[in-house]
Amino acid sequence: MKQQLEQALQQSVDMLLGESGISESVEVQLTRTKQKEHGDYAANVAMPLAKTLKMAPHAIAVKILATVQWPEAVEGADIAGPGFINIRLRKAAEAKILKAIVQAGSAYGMAEPKHIKVNVEFVSANPTGPMHVGHGRGAVIGDALSRVLQASGFDVTREYYINDAGNQIGVLAESVWLRMRELQGEKVTIPERCYPGDYIIEIARDLLQEGDDVELLAMSDEARLQWVGSRAVAANMQMIRNDLAQLGIAFDVFFSEKQLHDSGRVQSLIEKLKTDGLVYFGTLPPPKGKEIEDYQAASQWLFRTTQFGDDVDRPLAKQDGTATYFAADIAYHEDKALRKFERMIDVWGADHGGYVTRVQSAVKALTGKDQQPEVVLVQMVNLTRNGQPVRMSKRAGTFVTLEEVVSEVGADAVRFNFLTRRAESQLDFDLETAKQKNDENPVYYVQYAHARISNMIDKAAAEGLTLGEVDAVDLSHLTSDKESELTAKLMAYPETIEKAAERCEPYRVAIYLMELAAVFHRFYHDHRVIGDDVALSKARLMLVTATRQVLANGLQLLGVSTPERM
RNA sequence: GCGCCUGUAGCUCAGCUGGAUAGAGCAACGGACUUCUAAUCCGUAGGUCGCAGGUUCGAAUCCUGCCAGGCGCACCA
2 MKQQLEQALQ QSVDMLLGES GISESVEVQL TRTKQKEHGD YAANVAMPLA KTLKMAPHAI
62 AVKILATVQW PEAVEGADIA GPGFINIRLR KAAEAKILKA IVQAGSAYGM AEPKHIKVNV
122 EFVSANPTGP MHVGHGRGAV IGDALSRVLQ ASGFDVTREY YINDAGNQIG VLAESVWLRM
182 RELQGEKVTI PERCYPGDYI IEIARDLLQE GDDVELLAMS DEARLQWVGS RAVAANMQMI
242 RNDLAQLGIA FDVFFSEKQL HDSGRVQSLI EKLKTDGLVY FGTLPPPKGK EIEDYQAASQ
302 WLFRTTQFGD DVDRPLAKQD GTATYFAADI AYHEDKALRK FERMIDVWGA DHGGYVTRVQ
362 SAVKALTGKD QQPEVVLVQM VNLTRNGQPV RMSKRAGTFV TLEEVVSEVG ADAVRFNFLT
422 RRAESQLDFD LETAKQKNDE NPVYYVQYAH ARISNMIDKA AAEGLTLGEV DAVDLSHLTS
482 DKESELTAKL MAYPETIEKA AERCEPYRVA IYLMELAAVF HRFYHDHRVI GDDVALSKAR
542 LMLVTATRQV LANGLQLLGV STPERM
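Counting with the working numbering, you get residues 2 to 567 for the letters of the first sequence.
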């Protein structure tokens, strides 16, 4: 609908510009009006045109309206204020949308396939321990974003990058191995650098069942740590998958960093870059304004990322000659490009914010693509209980895992809460508030609307009132403000999905659903659906059926359940 | 010191690729259940949109500077 109107206006505007011999074009952008006196949609084109045409905005608006060919759905248009064009839609046209919704069902709001491959990389928590709440927020946002992009017609692959290489895995292996010795009755001291936590002991216990203790002792240190490390990673990944499953999140691809190294891909990439002259052996200046105790200037292999927009060149190899995390990461992103993903979206924690430019620079150098990956930075979660900050310390054992939070407050409440705010604003998450099933918890507000309608439809059916043939329902009975307000809101759903997908902002769907639920609840209080007037009842039944459908579709995009009873 | 994010009602947040009188929820106060679910609704009150300049017909929105909070800043991931 919105697009049709924009096209109609655009034609008229282009014609006007053509007459005046102006070649530059001005794009028509419609907005939904905030007040109903302003009609259903508003266009402000006349104002920016005032300058180029050297005419008063009002006069321009008059000219536009004189030539515009409205689609049938438009009742009329007025000029208001300094030069707004306000468009009113026919009631009948508005009502048609209800039939479309009921007939489309779960497909309402889904765009046509775009045949564009998008890779969404998210979570990618290190496989060295349980996930915390911050990971959970990224997980929920990444998952909802994937769903929104799918609804918007993209071909989405959800991907998890497993950081199963590097020092941390060695530390993990050491931590587990020491616990294995301890479980065998040996007296061991666990060094400070090792991971604490009971899950390490559990992994150690499981591995003792699996591996022959004597054989392990006979191995070289390196071989043994390999053996333990790979199994510990697998165990942690299983734990992470379970926690994600509890939140309703699954992945299409798990991509191993270790394999990237083992297969020689990282090394060959570095060699290729050397050949291309994008790598040189040099020394970086020490970072300014930050004191580093044991700073030692050293020459190393540096990638000329500055040529592609970065602030400094970045090292590809460490002092010991092994590749840096960055080197592997650009090999990984190159791989995504080779797999023909037109868009790569990375959902990262805010603590990786400083990493964005260098990866984008590297990707640009390798593929020529600008602004890839598109990075969604998810800000921190401040966990509180009754307003008191929950101190997170791994050492003190007061660490709260994602699994604990989900178990305590429930997946729906966790997901919805994480999705009601923009990713880039910090989130206060109170355990007690999220647990309460009251009006402080927006998830229930939306779900309640869904349950209410479900109940109503059941009740109507019990009294012999059903929709029957959709085309036979006479929607002209829907005449009140509340009814058209609700219809208008339903019509805005596809636009909301589109915008959310375009800007990678799934929270828009959550905000929309809260607004839709509010409009519905207001309608509910003013109007009875089931009544003596069968024709009216049917029309309203159609309205609430469509409303329930949109609530369900939206909740599904957020991965939140749609209860029929509460 | 530099870079990124944030600053809107007492609290939590929308509104931010410029548009009409800045909106919700919670908390406060006052109302609405013999009628389809009161996990709901209606009303009242609550604002120097961090501060100061600038651009513009028009700024919460764009630009500059400052203030406050968060995150980050070689050889970790």
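Glycine is no exception: its CB is placed at the ideal position from the N, C-alpha and C atoms. None of these values were measured; they are calculated from a predicted model.
- A straight-line Cα-Cα distance of about 9 Å links Asp156 and Ser147.
- With distances taken between CA atoms, Glu160 lies nearest to Gly139 out of Gly139, Val69 and Val510.
- Val406 and Asp277 have their alpha carbons spaced roughly 50 Å apart.
- In the assembly as shown, Gln373 is a buried residue. Its beta-carbon has 16 or more other beta-carbons within 10 Å.
- Contact between the stretch 543-557 and the stretch 101-115 is established, with three or more Cβ pairs separated by less than 8 Å.
- Around the C-beta of Lys460, fewer than 16 other C-beta atoms lie within 10 Å, and the residue is accordingly described as exposed.
- DSSP places Lys460 in the helix class (H, G or I) of the three-state scheme.
- DSSP places Glu122 in the strand class (E or B) of the three-state scheme.
- Between Glu175 and the set Gln151, Arg232, Leu150 and Ile142, the nearest pair of CA atoms involves Arg232.
- Scanning the stretch 28-88 from its first residue to its last, the whole beta strand (DSSP E) runs of 3-plus residues come out as 31-33, 42-44 and 75-81.
- Here Lys539 is buried. Its C-beta has 16 or more other C-beta atoms within 10 Å.
- A straight-line Cα-Cα distance of about 11 Å links Ile102 and Val471.
- The shortest C-alpha to C-alpha distance from Arg340 to any of Arg416, Val545, Glu484 and Asn120 is the one to Asn120.
- Beta-bridge pairing by DSSP links Thr158 to Asn120.
- In the same chain as Asp207, and ignoring 5 residues on each side of it, no C-beta atom comes closer than 6 Å to its own.
- Looking from the CA of Tyr296, the closest CA among Gln320, Thr306 and Tyr326 belongs to Gln320.
- Exposure of Asp527 is indicated by the presence of fewer than 16 other C-beta atoms within 10 angstroms of its C-beta.
- From the listed residues Ala74, Thr34, Val27 and Glu73, the smallest Cα separation to Ala51 is found for Val27.
- For Phe304, the enclosing beta strand (DSSP E) starts and ends at Ser300 to Phe304.
- Comparing alpha-carbon positions, the option among Pro564, Leu517 and Glu499 lying closest to Gln4 turns out to be Glu499.
- By the neighbour-count criterion, in which a residue is buried when 16 or more other Cβ atoms sit within 10 angstroms of its Cβ, Gly22 is exposed.
- Beta-bridge annotation (DSSP): Asn383 is paired with Asp429.
- By the criterion of a C-beta distance shorter than 6 Å, Phe419 is surrounded in its chain by Arg138 and Val141, once the five residues flanking it on both sides are discounted.
- When beta bridges are read from the DSSP output, Met567 appears opposite no residue.
- The C-alpha of Val447 is placed about 6 Å away from the C-alpha of Met515.
- Residue burial is scored here from C-beta neighbours: Ala363 has at least 16 other C-beta atoms within 10 angstroms and is therefore classed as buried.
- According to DSSP, residue pairing for Tyr281 in a beta bridge involves Leu303.
- Residues Ser176, Val177 and Arg180 of the same chain have their beta carbon placed closer than 7 Å to that of Ile201, with the five preceding and five following residues left out of the count.
- Val551: member of the alpha helix (DSSP H) spanning Val535 to Leu559, first to last residue.
- Contact annotation, Arg344 with Glu375: C-beta distance approximately 7 Å; criterion of less than 8 Å satisfied.
- Here Phe256 is near Tyr162, since their CB atoms are less than 8 Å apart.
- DSSP, read as helix, strand or coil, puts Ile531 in coil.
- Annotation for Thr32: Ala43 place their beta carbon closer than 6 Å to its own, counting only its chain and skipping 5 residues before and after.
- For the pair Ala328 and His451, the CB atoms are not nearer than the 8 Å cut-off.
- Secondary structure within the stretch 130-210: the beta strand (DSSP E) runs of 3 or more consecutive residues, fully enclosed, are 156-163 (chain order).
- Shown here for Val551: same chain residues with a beta carbon closer than 6 Å to its own, the five before and five after excluded, namely Leu491 and Tyr494 in chain order.
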